[in-house]
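These notes are about the structure you will find just below.
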Amino acid sequence: LHHPRADEIEVAAMALFTDSLLGLDAAGEVISPVYTYGDTRSAYDVQLLNSQIDLTATHQRTGCINHTTYLPGRLHWLQRTEPQMFQAVRQWLDIATYLYTLWFGDAPCSYSVASWTGLLDRAALAWDTVWFDLLGLDSACFPRLSDYDDMQVGLLPAYAARWPALKEVPFCLAVADGAAANVGSGGVDASHMVLTVGTTAALRIILDAEMPPVPPGLWGYRLDAAHHVIGGATFEGGNIFHWARSVLLLPEDDVALSTELARRPPDSHGLVFLPLLAGERSPGWAGDATGAIAGLRLSTSALDILQAAYEGVALRLALTADQLAPLTTGATHVMAGGGALAASPIWVQTIANALNRTIHLVAETEITARGTAILALRALGRCSLADHPPAIEQVVQPIPEHVAILRGALERQIDLYRKLVNSGYSLTPHS
Numbered sequence: 002l003h004h005p006r007a008d009e010i011e012v013a014a015m016a017l018f019t020d021s022l023l024g025l026d027a028a029g030e031v032i033s034p035v036y037t038y039g040d041t042r043s044a045y046d047v048q049l050l051n052s053q054i055d056l057t058a059t060h061q062r063t064g065c066i067n068h069t070t071y072l073p074g075r076l077h078w079l080q081r082t083e084p085q086m087f088q089a090v091r092q093w094l095d096i097a098t099y100l101y102t103l104w105f106g107d108a109p110c111s112y113s114v115a116s117w118t119g120l121l122d123r124a125a126l127a128w129d130t131v132w133f134d135l136l137g138l139d140s141a142c143f144p145r146l147s148d149y150d151d152m153q154v155g156l157l158p159a160y161a162a163r164w165p166a167l168k169e170v171p172f173c174l175a176v177a178d179g180a181a182a183n184v185g186s187g188g189v190d191a192s193h194m195v196l197t198v199g200t201t202a203a204l205r206i207i208l209d210a211e212m213p214p215v216p217p218g219l220w221g222y223r224l225d226a227a228h229h230v231i232g233g234a235t236f237e238g239g240n241i242f243h244w245a246r247s248v249l250l251l252p253e254d255d256v257a258l259s260t261e262l263a264r265r266p267p268d269s270h271g272l273v274f275l276p277l278l279a280g281e282r283s284p285g286w287a288g289d290a291t292g293a294i295a296g297l298r299l300s301t302s303a304l305d306i307l308q309a310a311y312e313g314v315a316l317r318l319a320l321t322a323d324q325l326a327p328l329t330t331g332a333t334h335v336m337a338g339g340g341a342l343a344a345s346p347i348w349v350q351t352i353a354n355a356l357n358r359t360i361h362l363v364a365e366t367e368i369t370a371r372g373t374a375i376l377a378l379r380a381l382g383r384c385s386l387a388d389h390p391p392a393i394e395q396v397v398q399p400i401p402e403h404v405a406i407l408r409g410a411l412e413r414q415i416d417l418y419r420k421l422v423n424s425g426y427s428l429t430p431h432s
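Here this note's numbering is used: the first residue of the sequence shown is 2, the next is one more, and so on.
Right, here's the structure in full:
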């Protein structure tokens, strides 16, 4: 805010990691830790709640599969394990709404952020009464809901003095980082999937249909009142490469590794790699799942395992792409970004082959911040979601003969999954 052009700021906006939760007492003081989506201590409570709900109806109503990622199980766990603290809480807020409350005195939570909690009725755009009744929750303890373009204006005196340049600047409500990343990557309609691969991975589309069905194993969130974000996320991504490098003592020369991998035919290692080293999210949601490598021989090399790992992650993403296909408009392009892909051209080609889709590698950096800025401009009436397409660094086409080979590899991976993972989800590849 000390920038020479700070007085030209017209709007402020925020994207955040979703599914954060903290509790405030009657005095507005925080009396809990900040809980995040990665907290799995509610696993028992999720299992208990699953026996009390209609899983399919809950999934379609809220867009979320009941899981430790979301708030129903977490709130039940807190009721059970921290009853004194739970009873003292008068407001449950995500971290963004908490900050906005500090800055403005009172602020709603956006539909976007609320949809990532598992507690939003995605049709009514209201807190889900079925969950609230089952959990005995008081809606007065949760923030009111509004669209992200419900601008908050007029910082409280302490913050107006701290940030005079922002004193009367309108603040858009926060949006979920995944939704903003889609917008920043140019994936704003059913003709574009967006793939982000960092430590983990996600594949999503934005739809403006009135109420699209959520495919089994995937989730349905909100960008705003008019747009849905449908997709899946995995715990596996670039972390698999870092695991392989550490465990297999691979050389540090990434260029040499990529060159060697590019010389190898797909699925030439004789292995089946199930890359669930950190458990599973989409599509089976088996949190206790573990990874596996089948087909090891005395002749198996470290490079064989690395190639199988790359292909294993790509095949898992293909499952999500297959599930999204019925919601898309024909020959859907994949807009892709993330540090893990930028560092490995051969992985981009492998994913293109596994998905059998053209991949447009986005040249833009900070796609989440870029998407947040586009959403802010849209809130001011300056643009539509599609007015600022990203620069494309490279277009990668699938290689037909490799597509067929990896479809066979996917069949074997699914077979191994069925044998090893106790999940209620039935994995089925699509042609």
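C-beta atoms are modelled at their ideal positions from N, C-alpha and C, and glycine is treated no differently.
TODO: Buried or exposed for methionine 212, please, with buried defined as at least 16 other CB atoms from any protein chain shown within 10 angstroms of its CB.
DONE: The sequence position of residue 212 within the sequence shown is 211, counting from 1. The residue in question, methionine 212, is exposed, as its Cβ has fewer than 16 Cβ neighbours within 10 Å.
Task: First through last residue of the beta strand (DSSP E) which encompasses glycine 85 - done: Looking up residue 85 in the sequence shown gives position 84. First, the residue type needs correcting, since residue 85 is glutamine and not glycine in the sequence shown. That residue, glutamine 85, is in no beta strand (DSSP E); its alpha helix (DSSP H) goes 84-89.
TODO: Give me the Cα-Cα distance between serine 432 and alanine 234, rounded to the nearest whole angstrom.
DONE: Along the sequence shown, one-based indexing puts residue 432 at 431. Along the sequence shown, one-based indexing puts residue 234 at 233. Residue placement at serine 432 is flagged as unreliable, the pLDDT there being 44, under the threshold of 50; a coordinate-derived value is accordingly withheld.
TODO: Look at alanine 309 and phenylalanine 274 and say whether their C-beta atoms are less than 8 Å apart.
DONE: The residue given as residue 309 occupies position 308 in the sequence shown. The residue given as residue 274 occupies position 273 in the sequence shown. It is a contact, given that the beta carbons lie within the stated cut-off.
TODO: Identify every residue that forms a DSSP beta bridge with threonine 197.
DONE: Here residue 197 refers to the residue found at position 196 when the sequence shown is read from its first residue. Ala203, Gly338, per the DSSP bridge assignment.
Task: Beta-ladder partner(s) of tryptophan 128, from DSSP - done: The sequence position of residue 128 within the sequence shown is 127, counting from 1. The partner list for tryptophan 128 (beta bridge, DSSP) reads Leu121.
Task: Within 8 Å, strictly: CB atoms of proline 391 and alanine 370 - done: Residue mapping note: residue 391 aligns to position 390 of the sequence shown, counting from 1. Residue mapping note: residue 370 aligns to position 369 of the sequence shown, counting from 1. Contact: no.
- [ ] Identify whether serine 345 lies in helix, strand or coil by the three-state DSSP scheme.
- [x] Within the sequence shown, numbered from 1, the residue matching residue 345 stands at position 344. DSSP places serine 345 in coil when its eight states are reduced to three.
Open item on the list: Taking only three categories from DSSP, how would you classify isoleucine 409?
Closed with: To locate residue 409, count along the sequence shown from 1; it is residue 408. The sequence shown places glycine at residue 409, rather than the isoleucine named in the question. In the structure shown, glycine 409 sits in a helix (DSSP, three-state: H, G or I).
TODO: Compute the distance between the beta-carbons of phenylalanine 105 and leucine 156, then report whether it is under 8 Å.
DONE: Position 104 of the sequence shown holds residue 105. Position 155 of the sequence shown holds residue 156. Yes; because the gap between Cβ atoms is below 8 Å, this pair is in contact.
- [ ] Note down, one range per segment and in chain order, each alpha helix (DSSP H) of at least 4 residues found wholly within the region 221-306.
- [x] 239-249, 255-264
Open item on the list: Judging by CA-CA distance, which residue of Leu249, Ser259, His361, Asp254 is the nearest neighbour of isoleucine 306?
Closed with: For the purposes of this step, residue 306 is taken as residue 305 along the sequence shown, with counting starting at 1. Of Leu249, Ser259, His361, Asp254, the residue nearest in Cα terms is Leu249.
Open item on the list: Rounded to whole angstroms, what is the Cα-Cα separation between tyrosine 222 and cysteine 65?
Closed with: Here residue 222 is taken as the residue at index 221 of the sequence shown, counted from 1. Here residue 65 is taken as the residue at index 64 of the sequence shown, counted from 1. Tyrosine 222 and cysteine 65: Cα-Cα distance of roughly 8 Å.
TODO: Could you have a look at glutamate 169 and say whether DSSP puts it in helix, strand or coil?
DONE: Residue numbering aside, residue 169 sits at position 168 when the sequence shown is read from its first letter. Glutamate 169: coil per DSSP, three-state reduction.
TODO: Report the three-state DSSP secondary structure of glutamate 394 (helix, strand or coil).
DONE: In the sequence shown, counting from the first residue as 1, residue 394 sits at position 393. Three-state DSSP puts glutamate 394 in a strand.
- [ ] For threonine 333, I'd like the list of residues in its chain whose CB is within less than 7 Å of its CB, leaving aside the five on either flank, ordered along the chain.
- [x] Locating residue 333 in the sequence shown gives position 332, where the first residue counts as 1. So the list reads Ser192, His193, Met194, Arg358, once near-sequence residues are dropped.
Open item on the list: Let's test the definition: count the other Cβ atoms within 10 Å of the Cβ of threonine 330 and tell me whether it reaches 16, buried, or not, exposed.
Closed with: To locate residue 330, count along the sequence shown from 1; it is residue 329. Counting Cβ neighbours within 10 Å, threonine 330 comes out exposed, since fewer than 16 surround it.
TODO: Identify whether leucine 94 lies in helix, strand or coil by the three-state DSSP scheme.
DONE: Indexing the sequence shown from 1 puts residue 94 at position 93. Residue state, collapsed to three classes: strand.
Open item on the list: Judging by CA-CA distance, which residue of Asn240, Asp190, Leu76, Leu49 is the nearest neighbour of alanine 387?
Closed with: Indexing the sequence shown from 1 puts residue 387 at position 386. When each option's Cα is compared against that of alanine 387, the closest is Asp190.
- [ ] Take glutamate 237 as the anchor and find which of Leu204, Asp209, Leu251 has the nearest alpha-carbon.
- [x] Taking the first residue of the sequence shown as position 1, residue 237 is located at position 236. The residue with the shortest Cα to Cα distance from glutamate 237 is Leu204.
Task: Beta carbon of valine 256 nearer than 8 Å to that of isoleucine 231 - done: Taking the first residue of the sequence shown as 1, we reach residue 256 at position 255. Taking the first residue of the sequence shown as 1, we reach residue 231 at position 230. No, the pair does not count as a contact, with Cβ atoms beyond the cut-off.
- [ ] Please report the Cβ distance between leucine 337 and leucine 362, rounded to the nearest whole angstrom; I am assuming they are in contact, meaning their Cβ atoms lie under 8 Å.
- [x] Here residue 337 corresponds to residue number 336 of the sequence shown, with the count starting at 1. Here residue 362 corresponds to residue number 361 of the sequence shown, with the count starting at 1. Note on identity: in this sequence residue 337 is alanine, with leucine being the wrong assignment. About 5 Å; that satisfies the 8 Å criterion.
TODO: Confirm, please, whether the CB-CB distance from valine 170 to alanine 16 is below 8 Å.
DONE: Here the question's residue 16 lines up with position 15 in the sequence shown. Here the question's residue 170 lines up with position 169 in the sequence shown. Result no, Cβ atoms of alanine 16 and valine 170 do not sit closer than 8 Å.
Task: Separation of valine 114 from isoleucine 360, as counted between CA atoms - done: Your numbering for residue 360 matches position 359 in the sequence shown. Your numbering for residue 114 matches position 113 in the sequence shown. Isoleucine 360 and valine 114: Cα-Cα distance of roughly 28 Å.
TODO: Report back the beta-carbon spacing between histidine 228 and leucine 208 to the nearest angstrom; my notes put them in contact at under 8 Å.
DONE: For this step, residue 228 is matched to residue 227 along the sequence shown. For this step, residue 208 is matched to residue 207 along the sequence shown. For histidine 228 against leucine 208, the beta-carbon gap comes to about 7 Å, under 8 Å, which counts as contact.
Task: the region 392-407 in contact with the region 342-359 per 3-pair CB rule at 8 Å - done: yes
- [ ] Can you say whether proline 327 is buried or exposed, counting buried as having 16 or more other CB atoms within 10 angstroms of its CB?
- [x] As a position in the sequence shown, residue 327 is number 326, starting the count at 1. With fewer than 16 Cβ atoms within 10 Å of its Cβ, proline 327 is classed as exposed.
- [ ] Assuming glycine 372 contacts alanine 182 (C-beta within less than 8 Å), just tell me the rounded distance between them.
- [x] The count along the sequence shown starts at 1 and reaches residue 372 at position 371. The count along the sequence shown starts at 1 and reaches residue 182 at position 181. About 6 Å separates the two Cβ atoms, so the contact holds.
TODO: Apply the 10 Å Cβ neighbour rule to glycine 382 and answer buried if 16 or more other Cβ atoms are within range, or exposed otherwise.
DONE: Taking the sequence shown and counting its residues from 1, the one referred to as residue 382 is at position 381. If you draw a 10 Å sphere on the C-beta of glycine 382, you find fewer than 16 other C-beta atoms in it, and that means exposed.
- [ ] Find out if the Cβ-Cβ distance for the pair glycine 185, glycine 339 is shorter than 8 Å.
- [x] Residue numbering aside, residue 185 sits at position 184 when the sequence shown is read from its first letter. Residue numbering aside, residue 339 sits at position 338 when the sequence shown is read from its first letter. Cβ atoms of glycine 185 and glycine 339: not closer than 8 Å.
TODO: Have a look at the DSSP bridge pairing and note the partners of tyrosine 36.
DONE: Counting from 1 along the sequence shown, the entry for residue 36 is found at position 35. Looking at the DSSP assignment, tyrosine 36 forms a beta bridge with Leu22.
Open item on the list: Assuming contact is defined by CB atoms lying nearer than 8 Å, are leucine 278 and glycine 292 in contact in what I supplied?
Closed with: Taking the first residue of the sequence shown as 1, we reach residue 278 at position 277. Taking the first residue of the sequence shown as 1, we reach residue 292 at position 291. In contact: leucine 278 and glycine 292 (Cβ atoms closer than 8 Å).
TODO: Go through its chain and collect everything with a Cβ distance to arginine 145's Cβ below 6 Å, but skip five positions before and after it.
DONE: Here residue 145 corresponds to residue number 144 of the sequence shown, with the count starting at 1. Pro109, listed in sequence order.
Open item on the list: Considering only the alpha carbon of each residue, which of Arg6, Leu421, Thr37 lies closest to threonine 19?
Closed with: Residue 19 sits at position 18 when you count from the first residue of the sequence shown. Nearest option by C-alpha distance: Thr37.
TODO: Just the C-alpha distance for threonine 82 and leucine 94, rounded to the nearest angstrom, thanks.
DONE: Position 81 of the sequence shown, counted from the first residue, corresponds to residue 82. Position 93 of the sequence shown, counted from the first residue, corresponds to residue 94. Computed Cα separation, rounded: 19 Å.
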